[in-house]
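Chains as they are written, first to last, in my numbering: chain A, 104 to 392; chain B, 104 to 392.
Just so you know, even glycine gets a beta-carbon here, dropped at the ideal spot from N, CA and C.
Remember, predicted model here, so these are calculated numbers, not experimental data.
Number of protein chains: 2
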Amino acid sequence: MSLFKSIKEDSMLKRVVITGGVHGNELTGAFLVKKWQKTPLVTKNIKIEYLLGNPKAFKECRRYIDYDLNRSFSKKALSKDSYIYEFERAKVLKERLKSCDFLIDIHTTTANMGMTIVLSKDDPLSNLVAKKLSLEFDDVKILRWFSTSEGDFINSAVPHSITLEAGAICQGVLEPRIFFRCEEIVKRAVEILDSEINQDKFEIGKSVEVYDIVKIVDFPREENEPSAMIHPNILGKDYFQLKNGEPIFVTLEGETILYDGEPLYAVFINEAAYYEKKIAFCLCEKSKI
Amino acid sequence: MSLFKSIKEDSMLKRVVITGGVHGNELTGAFLVKKWQKTPLVTKNIKIEYLLGNPKAFKECRRYIDYDLNRSFSKKALSKDSYIYEFERAKVLKERLKSCDFLIDIHTTTANMGMTIVLSKDDPLSNLVAKKLSLEFDDVKILRWFSTSEGDFINSAVPHSITLEAGAICQGVLEPRIFFRCEEIVKRAVEILDSEINQDKFEIGKSVEVYDIVKIVDFPREENEPSAMIHPNILGKDYFQLKNGEPIFVTLEGETILYDGEPLYAVFINEAAYYEKKIAFCLCEKSKI
């Protein structure tokens, strides 16, 4: 188990940070963090800190005030004073995350992604935690999204991390099924970090499927605004394999638009926050790790 | 048919206004209005104007900028200059609605309300249009909501109106099923106004069920923030009859909270925009008109 040894040699995990509400209108993570701030999770070897990512956006129940905080961790955004609230908040969070060994960041999506662990870099320890969760929980899938042109994720501020992306759920609401399932998965992730990795009990197990985002598909647009909607045939079907010739959009006039491309797996289908990012859905390759 | 005659004597309908995007993140109405601005509906006797209610909030994909526009039509809000964007926009809309005989206002909700016609005052003509739609469309229900303490609806600016409230759909997204169903219902409403009421062909038909909001239920709260979520047993079950002793909330700690009251019908269950209004759901009495 050379992979495991190389992680252990790195150093013992001491400090874990859990963030929620990095997007202010994704209430599940924000309320989990608030719950744990009052009643912290019990751990043996690690210290956990709970952070509300974007308190100002949370107060206004908006994704962000000036710019997406989860795209505000680029060197450029962090390097100079800014009128953008999120660029300043990112500097504060970067400082708070200085001695963080492992970050767990909780998000939700209006896409029907179930319980997805998003990995934002190819790091052996993060991979292993994701893999273990995916093997233990039937509904956990692993998605790798290593970069966007918009700016760096909060994960770039720490050496190791997983992002939990739960859906489908609307912005601005709580739902018990998703709330308690996220709680369960994060608790288990903490247990793995606290008792299995630190205690040398980690077992790698068999291989799991992972999805790698390789392509972005935007809505057809007129004067910058969507002129079509996600086709009913694919709405809510995240992680299905999209094949050449299948319907992907229906225009506002009712005309169907077909997919023209190689077979790939669709995720983030109809995520509300991605309309402005010019993402109707993302396409992935599937492989095993 | 005295009711019908009294409407007809009122005056012929000449000018109908259709509004969408009074809440900027309810995309269905906004995009229907934009569609019809490009390709207007065909009518014989009436002139229709299509208005995007809150263009600034639509641009930012937010419900409102400073205050809920659909609570900004009170005398007080309309009577003096204001730093609140929506109070100023309401004055503009009030002027635009001056010679409007009938308003159709399109909204969406994260609650599972299906296709609901909301009536905001007890007006015979509005009642009749709602009734006819409810008789013709299986999924159309009639809800009467005559006042809120927050301020007056846009409907208060016109003599007759219906509001279409469609759900469940998240804020910030379009979905074909809801988009085309709203289009169908609004088109039929226009047809009724254009050809049946104006042409003296209106038939009252048999009685229909209506729901009257009589009570508001808020989330349990701690320091002003919800400390519980809608219970899974009632989530998505709008228009069901809630009975004494049934679960209504589950706290963030997993404890169930039961309903203590007379049997009433629940609507607007878990509407995102109502968290800040201190509304977890509304309770209705059901009757026939």
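- Of the candidates E129(B), R118(B) and G123(B), the residue whose Cα lies closest to the Cα of I151(B) is R118(B).
- CA-to-CA, the gap between V311(A) and L238(A) works out to about 7 Å.
- By the Cβ test, the region 152-166 of chain A is in contact with the region 124-138 of chain A, since at least three Cβ pairs between them sit closer than 8 Å.
- Proximity of chain B to G275(A) at the Cβ level (cut-off 8 Å) is accounted for by T213, Q274, A375, A376 and Y378, in chain order.
- For A271(B), the nearest beta carbon of chain A is closer than 9 Å to its own beta carbon.
- Around the beta carbon of Y362(B), a 10 Å sphere encloses 16 or more other beta carbons of the protein chains shown; the residue is thus reported as buried.
- Shortest Cα-Cα distance from I300(A) to any of L338(A), I333(A), V232(A) and A271(A) involves V232(A).
- When 9 Å is used as the limit between beta carbons, M332(A) is near these residues of chain B: F134, V276, L277, E278, P279 and F282, in chain order.
- Judged by DSSP secondary structure, T211(B) falls within the beta strand (DSSP E) whose first and last residues are F205 to T211.
- When DSSP states are grouped into helix, strand and coil, A269(A) belongs to the strand group.
- When secondary structure is reduced to three states using DSSP, S237(B) falls in the helix class.
- At a cut-off of 9 Å between C-beta atoms, L338(B) counts as an interface residue with respect to chain A.
- Contact between the region 219-234 of chain A and the region 276-286 of chain A is absent: fewer than 3 CB-CB pairs across the two stretches fall below 8 Å.
- When Cβ-Cβ separations below 9 Å define contact, L355(B) makes contact with chain A.
- In this structure, D208(A) and I257(A) form a Cβ contact; the two beta carbons are roughly 6 Å apart against a cut-off of 8 Å.
- Cβ neighbours of A260(B) within its own chain (closer than 6 Å, five residues either side excluded): F176, K197 and L200.
- Under the three-state reduction of DSSP, V145(A) is assigned to coil, being neither helix nor strand.
- Listed along the chain, the chain A residues whose CB falls inside 9 Å of the CB of K138(B) are L355 and E356.
- Assignment of K150(A) by DSSP, reduced to helix, strand and coil, places it in the strand class.
- The Cβ of C385(A) sits no closer than 9 Å to any Cβ of chain B.
- Within the region 258-346 of chain B, the runs of alpha helix (DSSP H) at least 4 residues long that lie entirely inside it are, in chain order, 279-294.
- In this structure, I372(A) sits away from G348(A), with a CB-CB distance that is not shorter than 9 Å.
- Against chain B, a Cβ distance below 8 Å from R165(A) picks out R165.
- Against chain A, a Cβ distance below 9 Å from P329(B) picks out L130, F134 and L277.
- Beta-bridge pairing by DSSP links M218(B) to V243(B) and A269(B).
- The beta carbon of P335(A) sits closer than 9 Å to some beta carbon of chain B.
- For E268(A), same chain residues with a beta-carbon under 6 Å away, outside a window of 5 residues either side, are H210, T212, M216, T219 and V221 in chain order.
- Looking only at R192(A), K244(A) and K138(A), the smallest Cα-Cα distance to E325(B) is reached by K138(A).
- Sequence-distant partners of T359(A) (beyond 5 residues in either direction) whose C-beta falls short of 6 Å from its own C-beta, in its chain, are P350 and V353.
- In this structure, K381(A) and D321(A) form a Cβ contact; the two beta carbons are roughly 4 Å apart against a cut-off of 8 Å.
- As the crow flies, the alpha-carbon of I168(B) is around 43 Å from that of K234(A).
- Distance from the Cα of T146(A) is smallest, within the candidate group T266(A), K290(A) and K178(A), for K290(A).
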